[in-house]
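The block underneath contains the structure these notes are about, expressed in structure tokens.
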Amino acid sequence: MTSIRTRAEVMKERALMTPVLQGRQRAEYVVCATLWLAALVYFWNWWFTPAHHVDPMGSVLLTLVLAWVTIIPAYFIIVFFRAEKPTGQLRTPAGSRIAMVVTKAPSEPFAVVARTLDAMLAQNVPHDTWLADEDPSPSTLEWCRKHGVQVSTRRGRKDYHRQTWPRRTRCKEGNLAFFYDHHGYEDYDFVVQLDADHVPEQGYLFQMLRPFADPAVGYVSAPSICDQNADESWSARGRLYAEASMHGSLQVGFNHGLSPLCIGSHYAVRTKALRSIGGLGPELAEDHSTTLMMNAHGWRGIHALDAIAHGDGPRTFADLITQEFQWSRSLMMILLQYSPSLIKRLPLRLKIQFLFSQLWYSLFSLFMALMFVMPIIALVRGKTFVDVSYPDFLLHFVPQSVLLILFAYRWRSTHTFRPVNARILSWEMTLFLFARWPWALAGALAAIRDWATGSFVDFRVTPKGTSEIDPLPFRVLAPYALLSLASILPVLSVSAEESSGFYIFATMNAAIYTLLLLVIIVQHARENTLGTNKRFYRPALASALLALTALPFVGIMEHGRAGVQSLIWDTDGYVLFDNRFSVAGAGIGGRGLHRMVLNPHWHVSDTDN
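Numbering of the sequence shown is given in the numbering used here, commencing with residue 5 and proceeding in unit increments.
Set out below in structure tokens:
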């Protein structure tokens, strides 16, 4: 009898979830993954040819970078294949008490929060609506009274304005801790919490509550879709496109045996579960620490793919990099300070997932930094890393890259990207990836410093609404100017015959970061009303940009020919160009003696015959 009941319970639990990939889609996914895997094996089989590896350090560095670029996608491919999403009717226990709460900081205009409150009040599941306001004004209190919104505030409570966690000042955790301590735990069974700018669609609350039919579920995550200002901010579009698959496809993949990650903009909790773990987690990334604590105490999470709320992305580039710095710093601090005591309580699969999540910013920024410095190292050393022609490399590398891009388009066709129409390829996303890593790296290093010294920092709330803003400060622009200069100076000052192909890569890096700097400045001026009357600002900026723009062209003129020749040198493999030499004579001399002619073909050296 016990075994029959257990089987029934299992079937009931499975009925709460449905696979994302079914039937033909699932078969197509397997075929696509198999083709990509074959292309991956094709590349790595070629890469490990012994004749290619002439320098141990270079081989190790390049192999690590290529492994990161080519093998990490396998993690996402495997996870999404297992994806499940909630299904069925709302089956929370009869008489469940439900609340929705939105937080508000003093810097956030009430007009922004009012739109969110209106959408919360319009939800079709009975609930109480709360505003957790740090410092409510009389007009705010009057609006809430008229609309039936209850207000929670920690104003004047020093015990909820502590300098350290828990109940830390100037943090969402402290604001919500007051709400839970005084209202949430005793009065409600389930609470959905939202940031001020995240406006839920109709049916949102139903989608957020449905996974709680499983009594083992302690929290429900949801997609963070920051697209309300996407038409006005390239920074918002860059992150929106880059993270669309993570907020949808990857998170529903975590539903099957892994742990969906709460995203702080909005998620839901079973108050019994939250109370049992001691409340919301520490750090600015309280969403991640709360997720970790839930799992460490035996609670499960589910990602509600169709619980849609729309929020604001970073309005300016300065807001973007502030967020990148703070999130990277906070995740590293969680890893160093809190994870050691919590990770050990998890099963192996969750240990790996959480460690990878906490190291993601650091790993991404480290590999981006490594890819940046490698051309510089090669030029300064005067030695190439491996003995391969660039056309031959592309011939083996491009197939798996192209298949992965095509795979992403098919992935998006499952309607699991959030937003569903996010672009796979865009200039905003490309530049965002180059722009974010210096700040992610700085954030991780700041966390290590703070952890080692016992210091801490105050956090900055991302501005909401519209207002006149200042030009971007020098500290925001300087890293990209320095990266561009660091790339081009070796090109202009180092004579490297053996590694001359890296003249091209270093010049390309300089051009990329100069272009990025131009886009940051131009788009900031186009998208915002700048509040500066300093006459020297624009001329000084224009002069600096002109110099940075000119340097890559100087580098190409000086070493472009030698760099291209080195890259296409006719070693064994596939080559694009032939070298043609003429006999010196009347009217022919200097550069006219040597021409490069396009002639794609396979080349095998005479020694192999």
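Note that the Cβ used here is the ideal one computed from N, Cα and C, for glycine as well. Just so you know, these numbers come straight off a predicted model, no measurement behind them.
C-alpha gap between residue i and residue j, whole angstroms
i, j, result
"cysteine 36", "arginine 28", "12 Å"
"alanine 551", "methionine 297", "51 Å"
"alanine 300", "alanine 123", "34 Å"
"cysteine 148", "valine 155", "7 Å"
"alanine 55", "proline 403", "22 Å"
"aspartate 291", "glycine 268", "5 Å"
"glutamate 3", "glutamine 232", "Limits of the chain in this structure are 5 at one end and 613 at the other, which puts residue 3 out of reach."
"proline 142", "glycine 178", "22 Å"
"arginine 539", "aspartate 474", "Low confidence applies to arginine 539: its pLDDT is 48, below 50, so where it sits in the model is not reliable, and the reading given next is rough at best. If you take the alpha carbons of arginine 539 and aspartate 474, they lie about 14 Å apart."
"valine 523", "glycine 160", "45 Å"
"valine 390", "valine 498", "20 Å"
"aspartate 235", "methionine 250", "21 Å"
"valine 105", "glycine 458", "33 Å"
"leucine 244", "asparagine 425", "10 Å"
"lysine 348", "tryptophan 169", "22 Å"
"glycine 315", "isoleucine 492", "40 Å"
"leucine 489", "leucine 520", "13 Å"
"threonine 388", "valine 58", "8 Å"
"arginine 274", "valine 221", "8 Å"
"leucine 648", "leucine 487", "This structure cannot settle anything about residue 648, because the visible part of the chain is limited to 5 through 613."
"arginine 30", "tryptophan 415", "11 Å"
"valine 45", "threonine 96", "48 Å"
"glutamate 432", "alanine 240", "9 Å"
"aspartate 574", "phenylalanine 360", "For aspartate 574, the predicted structure reports a pLDDT of 49, less than 50, and the residue's modelled location is therefore unreliable. A value from the coordinates is still provided. For aspartate 574 and phenylalanine 360, the distance between alpha carbons rounds to 41 Å."
"glycine 283", "tyrosine 184", "8 Å"
"threonine 53", "leucine 383", "24 Å"
"arginine 166", "alanine 514", "46 Å"
"alanine 590", "phenylalanine 397", "Residue confidence is low: alanine 590 scores 49 on pLDDT, short of 50, so the model does not pin down where it sits. Its coordinate-derived value is still stated next. Roughly 40 Å between the two C-alpha positions."
"leucine 399", "tyrosine 413", "22 Å"
Per DSSP, cross-strand counterpart(s) of residue i
i, result
"methionine 104", "Thr133 and Val196"
"methionine 21", "Pro90"
"isoleucine 492", "Isoleucine 492 is not bridged to any residue."
"arginine 172", "Arg166"
"alanine 313", "Pro204"
"glycine 305", "Tyr223"
"histidine 270", "Leu198"
"glutamine 154", "Trp134"
Check whether residue i and residue j have beta carbons under 8 Å apart
i, j, result
"alanine 448", "serine 369", "yes"
"asparagine 259", "isoleucine 229", "no"
"glycine 92", "alanine 19", "yes"
"glutamine 197", "aspartate 310", "no"
"phenylalanine 47", "phenylalanine 401", "yes"
"cysteine 266", "tyrosine 208", "no"
"glutamine 206", "alanine 126", "yes"
"threonine 320", "histidine 202", "no"
"phenylalanine 438", "isoleucine 516", "yes"
"proline 215", "alanine 308", "yes"
Residue from the options whose Cα sits closest to the Cα of residue i
i, options, result
"histidine 270", "Phe258, Ala313, Phe478 and Gln232", "Ala313"
"histidine 131", "Lys150, Ala529, Asp231 and Leu213", "Leu213"
"arginine 279", "Phe182, Glu236, Phe329 and Ser253", "Phe182"
"methionine 378", "Pro227, Phe506, Lys176 and Val153", "Phe506"
"isoleucine 82", "Asp193, Leu254, Trp48 and Val73", "Leu254"
"methionine 512", "Met337, Ala554 and Tyr223", "Ala554"
"aspartate 193", "Ala373, Ala103, Gln93 and Leu493", "Ala103"
"leucine 410", "Trp40, Met21, Leu25 and Gly222", "Trp40"
"leucine 408", "Tyr223, Thr74 and Met372", "Thr74"
"glutamate 502", "Arg385, Leu481, Ser491 and Asp454", "Arg385"
"aspartate 199", "Trp238, Ser239, Leu262 and Ala272", "Ala272"
"glutamate 138", "Gly62, Thr53 and Pro113", "Pro113"
"proline 227", "Phe421, Phe397 and Ser237", "Phe421"
"proline 477", "Asp323, Pro77, Ile76 and Ala98", "Asp323"
"valine 526", "Pro483, Val558 and Trp238", "Trp238"
Heavy atom of the ligand MN within 7 Å of residue i beta-carbon
i, result
"proline 227", "Annotation note on the ligand MN: not contained in the displayed structure, which lists no ligands."
Contacting residues, own chain, Cβ-Cβ under 7 Å from residue i (five flanking each side not counted)
i, result
"phenylalanine 329", "Trp443, Ala446 and Gly447"
"asparagine 613", "Below a pLDDT of 50, predicted positions are generally treated as unreliable, and asparagine 613, at 47, falls in that range; no measurement from the model is reported."
"arginine 171", "Asp163, Tyr164, Gly178 and Ala181"
"tyrosine 33", "Leu25 and Phe85"
"alanine 98", "none"
"proline 494", "Ile380, Leu383, Val384 and Ala510"
Nonlocal neighbours in the same chain, by C-beta distance under 6 Å from residue i, ignoring five residues either side
i, result
"isoleucine 325", "Trp443"
"phenylalanine 84", "Ser253 and Gly257"
"proline 286", "Trp169 and Ser293"
"proline 140", "Val155 and Thr157"
"threonine 295", "Leu265 and Cys266"
"proline 23", "Glu88"
Proximal residues to residue i (C-beta, below 8 Å), its chain only, five neighbours per side dropped
i, result
"aspartate 454", "Arg333, Met337, Phe460 and Val461"
"glutamine 357", "Phe258, Leu262 and Ser263"
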